[in-house]
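Here the protein sequences line up with chains A and B, keeping their order.
Numbers given in the working numbering equal positions in the first sequence, counted from 1, plus 4.
Numbers given in the working numbering equal positions in the second sequence, counted from 1, plus 538.
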Amino acid sequence: MIEDRELDIWREQWSRIAGPSPRFQREIQQKIRRQNLRFLVGNVVTAIGFVGMLIFAVVLRRQASWLGAWWATGISALALVSAGYRFWILRGTWHPETQSTRAFLELWHRRVQARLRLLEISVYVSLGWIVFCAVLTAVNWRTIGRDVKAHPRDWLEVLVACLLMQPVLWFGAAWIRRRKLAELNEVKKALDELDQGLGTSVP
Amino acid sequence: MSESRRALEERFERILVAHAAAISRLAHSYEAVASIREELEQEIAMAIWKALPHFRGECSERTWVFRIAHNRGLTHVWSRRPPHQPLEDLEEADEPVDPRPHPEEQAAQTHQRARLMSAIQSLPVIHRQMIVLMLEGLSHAEMGEVLGISENNVAVRLTRAKKVLKDAMGVKP
Numbered sequence: 005m006i007e008d009r010e011l012d013i014w015r016e017q018w019s020r021i022a023g024p025s026p027r028f029q030r031e032i033q034q035k036i037r038r039q040n041l042r043f044l045v046g047n048v049v050t051a052i053g054f055v056g057m058l059i060f061a062v063v064l065r066r067q068a069s070w071l072g073a074w075w076a077t078g079i080s081a082l083a084l085v086s087a088g089y090r091f092w093i094l095r096g097t098w099h100p101e102t103q104s105t106r107a108f109l110e111l112w113h114r115r116v117q118a119r120l121r122l123l124e125i126s127v128y129v130s131l132g133w134i135v136f137c138a139v140l141t142a143v144n145w146r147t148i149g150r151d152v153k154a155h156p157r158d159w160l161e162v163l164v165a166c167l168l169m170q171p172v173l174w175f176g177a178a179w180i181r182r183r184k185l186a187e188l189n190e191v192k193k194a195l196d197e198l199d200q201g202l203g204t205s206v207p
Numbered sequence: 539m540s541e542s543r544r545a546l547e548e549r550f551e552r553i554l555v556a557h558a559a560a561i562s563r564l565a566h567s568y569e570a571v572a573s574i575r576e577e578l579e580q581e582i583a584m585a586i587w588k589a590l591p592h593f594r595g596e597c598s599e600r601t602w603v604f605r606i607a608h609n610r611g612l613t614h615v616w617s618r619r620p621p622h623q624p625l626e627d628l629e630e631a632d633e634p635v636d637p638r639p640h641p642e643e644q645a646a647q648t649h650q651r652a653r654l655m656s657a658i659q660s661l662p663v664i665h666r667q668m669i670v671l672m673l674e675g676l677s678h679a680e681m682g683e684v685l686g687i688s689e690n691n692v693a694v695r696l697t698r699a700k701k702v703l704k705d706a707m708g709v710k711p
């Protein structure tokens, strides 16, 4: 019964580990208040942003040229499709922490895979956006061309900004993808560990 | 404040009072640095608060709290990945020696406790969970509910986990 004695000693040592600090409860209450405020502010900002975008699109459709109307429609459609896709792809992966470890890991696995898919789609969307803008410019070249000749410096700045933005976006996406792949490997490893019960060294 | 909100807050406070010590011990198994451990304890408490409105008593409250705490611990381990503190380097960094009589004995106990904790922290994460749940006195059925595996599997894996812990503690068979 040596093992039981060890177990008793371990339990006794374990039970003597110091509890949380006396200010624990108070800090939690403060955090809850801050979180409620953040939630409220976040919702208000999102609502204002969405309504603002809609108003902007409507105003642009009424006032601006054919080009402006298409641009506003494109932005609105892109925002709606992105939001819808994001909602669809992340469905069923909310509140995973109350599940068992296995269910939590499986959900985590799904969530990381969903984010990777979302990232790939975002890259395709950004490419699609470039094509959309190029087509729009080509179709409206008669109008745009005149403006380019009139203000060549402004248009050059816009072009340079667009060209610089793309590599930054793609490098960012590649960096996030690397991190997500590493996370995916860790979750797979933990799932294997749970299935085999053999244990691999996870720091 | 609405009645339901007040009831929720009271329930949350009761859960914290009942399980704060266990949450703190569990956080020790996932984080060696005291200041970061405190943050982890708070994160666990916040996760409990967020999940509380959805808790319908599908499992015992203790099992539910341990599920949340362990899952939050898992996330913490993978987001932080600290270098593990070797046993030889371990001193009682954040546990002052009790100044009451028999200070040598107190110091030895503190050191033993720190050795146990460091050994647990060095275990693979699933083994770590098994050992912590065992030390907290959960039954095999409850451990199965937390981990999402059958009772038989719990028994097999617990034996393995104990062996790994003994190896880590340098206990000869």
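Just so it is clear, CB atoms sit at the ideal spot from N, CA and C, and this is done for glycine as well.
- Here A:Thr-102 is near B:Ile-606, since their CB atoms are less than 8 Å apart.
- In this structure, the alpha-carbon of B:Asn-691 lies about 29 Å from that of B:Leu-590.
- Look at B:Cys-597 here: in three-state DSSP terms it is coil, with no helix or strand label.
- Taken atom to atom, the span from the alpha-carbon of A:Ile-36 to that of B:Glu-541 is near 18 Å.
- Around the C-beta of A:Trp-92, fewer than 16 other C-beta atoms lie within 10 Å, and the residue is accordingly described as exposed.
- Within chain A, the residues placing a beta-carbon under 8 Å from that of B:Glu-683 are Ser-104, ordered along the chain.
- Between A:Gln-33 and the set B:Ser-567, B:Gln-580 and B:Val-571, the nearest pair of CA atoms involves B:Gln-580.
- In the DSSP assignment, A:Asn-189 falls within the alpha helix (DSSP H) that extends over 156-200.
- Taking the Cα of A:Ala-165 as reference, the smallest distance to any Cα among A:Thr-147, A:Trp-14, A:Ile-134 and A:Phe-28 is reached at A:Ile-134.
- Considering only A:Leu-173, A:Trp-74 and A:Glu-10, the residue with the shortest C-alpha distance to A:Val-129 is A:Leu-173.
- Around the CB of A:Leu-109, 16 or more other CB atoms lie within 10 Å, so the residue is classed as buried.
- Under the 8 Å criterion on CB atoms, A:Leu-123 is classed as non-interfacial with respect to chain B.
- Put simply, the CB of A:Lys-192 is far from chain B, with every gap to its CB atoms at 8 Å or more.
- Taking all protein chains shown into account, B:Gln-659 has 16 or more neighbouring C-beta atoms within 10 Å of its C-beta and is therefore buried.
- DSSP places B:Asn-690 in the uninterrupted alpha helix (DSSP H) bounded by 689-707.
- Taking C-beta atoms as the reference points, B:Ser-598 and B:Glu-680 count as a pair closer than 8 Å.
- Judged by DSSP in its simplified three-state form, A:Gln-103 adopts coil rather than helix or strand.
- For the set B:Gly-686, B:Ala-585 and B:Trp-616, the Cα lying nearest the Cα of B:Met-668 is the one of B:Gly-686.
- For B:Glu-547, the secondary structure class from DSSP, reduced to helix, strand or coil, is helix.
- In this structure, the alpha-carbon of A:Pro-156 lies about 42 Å from that of A:Lys-184.
- Assignment of B:Glu-569 by DSSP, reduced to helix, strand and coil, places it in the coil class.
- Judged by beta-carbon spacing, A:Leu-140 lies within the 8 Å limit of A:Trp-75, meaning their Cβ atoms are closer than that value.
- Rounded to the nearest whole angstrom, the CA to CA distance from A:Phe-136 to A:Val-116 is 30 Å.
- Per the coordinates, the alpha-carbon of B:Ser-567 lies some 41 Å from the alpha-carbon of A:Ser-86.
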